[in-house]
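Okay, so here's the structure we're looking at.
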Amino acid sequence: MRILITGGGTGGHVFPAVAVADALRRAEPEVELLFIGGAGGFEARAAVQAGIPFRAIPARGLLGSRWLSRPAILWTTLRGILASLSIMRRFQPDVLFATGGYVSGAVAVAGWLLRRPLVLHEQNSIPGLTNRLLSRIAREVHLNTPAARVHFPRRDHLRLSGNPIRRTVLQGEAARGEQLFRLERGRRTVLVLGGSQGARSINRAAVGAIERLAGRRDLQFLLQTGPRDQRWAQQQLRGVDLPVAVRAFIDEMGDAYSVADLVVARAGAMTLAEITARGKAAILIPFPYATHNHQESNARWLVEAGAAVMILDRALDGETLAAQIAKLIDTPRKLREMSHHALRLARPSAAEKIAAALLRAVPGSAAQEPAGERGSSGREGRPAPAEGEARGRPRRSPGAAKNHR
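If you count the sequence shown from 1, position 165 lands on 167 in the numbering used here, and the numbers rise without skipping.
This is how it looks when you write it as structure tokens:
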């Protein structure tokens with residue numbers, strides 16, 4: 003059994019794919035996986051760390067580009083489709099899993115040409131252009147939030163599964179986190195995250211807030227800056243009267259969440275899935291230039307549930323952030339209530355649900371869709387077969403996938 007995974011650009015697209023890959027390996031130890039992503043993208047590092055063979059194809063985004071550059075982008079997309087076809091003819095996947103990002107468009111089209119079933123996952127409450135287009139040829143589309151349903155042209159194949167989370171995020175320990183990040187026991191810890199690429203406005207506001215809160219004996223900070231701002235933040239905070247750990251990127255997110263009492267972060271879907279799964283109160287600062295402003299829509303989902311407060315990026319500065327942090331830290335009951343509301347939104351078994359859907363999608367599979375998974379779009383019944391699935395598929399020649407590595 004061979005499953006091809008694609009998606010990329012940011013951690014929000016990549017980490018769900020890695021989480022599902024892990025769930026697939028646990029459910030079907032003999033499964034063969036291959037990850038296709040963009041050359042030089044974030045996904046290459048994540049796939050290698052997860053032990054998934056990786057292949058790169060040419061890829062560029064279309065949305066927001068200038069008209070003069072679009073012929074070049076379309077040419078790059080065509081090259082990506084041709085490269086994907088070449089890879090797939092060697093690997094011979096049984097099913098494709100795509101998590102969005104422009105690289106997944108070329109891969110999914112190649113899979114459609116080869117009549118391979120496609121399963122999608124959409125992380126955001128406002129879906130990206132690639133997933134909206136690909137949903138027309140997909141067997142199933144798994145959603146993170148109910149709000150995304152209205153944006154898809156078809157509803158019969160939608161499934162509300164949540165956002166897949168890496169097991170390592172769920173398995174942290176506070177004591178290990180304190181030791182790893184050199185934090186002090188007994189202080190309230192504020193975890194500041196700027197996303198997988200870092201966020202300059204959050205970094206600057208966080209540094210300003212830390213300077214204003216210096217001297218408090220009940221606080222400490224763990225700050226993920228991204229590689230661009232790490233040295234600057236360390237220099238700005240040198241000598242500040244407050245324990246502060248500054249990291250470019252935190253690989254040990256399970257331990258980071260375990261030690262945190264409050265999280266300050268963007269409102270990417272992956273971050274929100276992790277925050278809710280770990281039951282953390284949050285201050286959310288949506289990225290103002292996200293496609294269709296989907297991060298603000300994501301954030302409102304938690305705010306309306308009582309799990310978070312929101313500061314718009316245009317209103318963000320050190321003084322505002324410091325005041326909001328102090329207000330929450332000084333109200334332990336409020337933090338506990340927000341934590342409780344966050345846990346109520348969590349769907350920690352999303353990776354296992356999607357892995358099961360992928361195994362069911364394999365042609366010839368005897369697996370059946372659990373009754374509880376049907377009709378999450380408001381209609382009963384199984385999803386329609388992917389394009390070409392009902393007509394069968396070419397037989398795999400012996401040894402056809404031997405050289406994919």
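Beta carbons: idealized from backbone N, C-alpha and C, even for Gly.
Using the Cα positions of residue i and residue j, report the straight-line distance between them to the nearest angstrom.
i    : j    : result
R141 : P129 : 17 Å
A279 : L347 : 8 Å
L80  : S86  : 10 Å
R209 : Q236 : Reading the sequence as shown, one finds Val at residue 209 and not Arg. Going by the C-alpha atoms only, they are around 9 Å apart.
R338 : A283 : 8 Å
R343 : L274 : Sequence inspection shows His at residue 343; the Arg mentioned does not correspond to that position. Straight-line Cα distance between these residues: approximately 13 Å.
W114 : W303 : 34 Å
F251 : V194 : 11 Å
A247 : Q173 : 21 Å
A359 : E45  : 23 Å
G320 : M90  : 50 Å
R230 : E213 : 20 Å
I54  : V22  : 12 Å
V152 : R349 : 21 Å
D257 : L323 : 24 Å
L116 : N133 : 19 Å
Beta-carbon within less than 8 Å of residue i's beta-carbon, same chain only, minus the 5 sequence neighbours each way: which residues are those?
i  : result
R4 : V33, E34, L35, L36, F93, Q94, P95, D96 and A403
Let me know if residue i comes out buried or exposed under the rule of 16 or more other beta-carbons within 10 Å of its beta-carbon.
i    : result
V121 : buried
W77  : exposed
E124 : buried
R118 : buried
G9   : buried
Y291 : exposed
A177 : exposed
Can you tell me which of the three DSSP states residue i falls into?
i    : result
G241 : coil
A235 : helix
R218 : coil
G66  : In this predicted model, G66 has a pLDDT of only 46, less than 50, meaning its place in the structure is not dependable; the value taken from the coordinates is given anyway. Here G66 sits in coil by DSSP.
V97  : strand
L345 : helix
E254 : coil
R161 : strand
R367 : A small fix is needed here, since residue 367 is Ser in this sequence, not Arg. It is coil, neither helix nor strand.
G228 : coil
D24  : helix
S88  : helix
What does DSSP give as the partner residues of residue i in its beta bridges?
i    : result
L115 : Note: L115 sits in no beta bridge, so no partner.
L35  : I5
F56  : F37
I285 : V266 and V311
F223 : V192 and V246
E142 : V121
Suppose the cutoff is 7 Å on Cβ atoms and the five residues either side in sequence are ignored; what does the same chain contact list for residue i look like?
i    : result
L361 : A29, E30, S367 and A369
V16  : G9, G10, F44, E45 and A48
P334 : none
Among the residues of its own chain, which have a CB less than 6 Å from the CB of residue i, if the five just before and after it don't count?
i    : result
E354 : A25
F289 : R268 and Q297
A352 : S163, G164, N165 and P166
A41  : A58
V105 : G10, G39, G40 and A61
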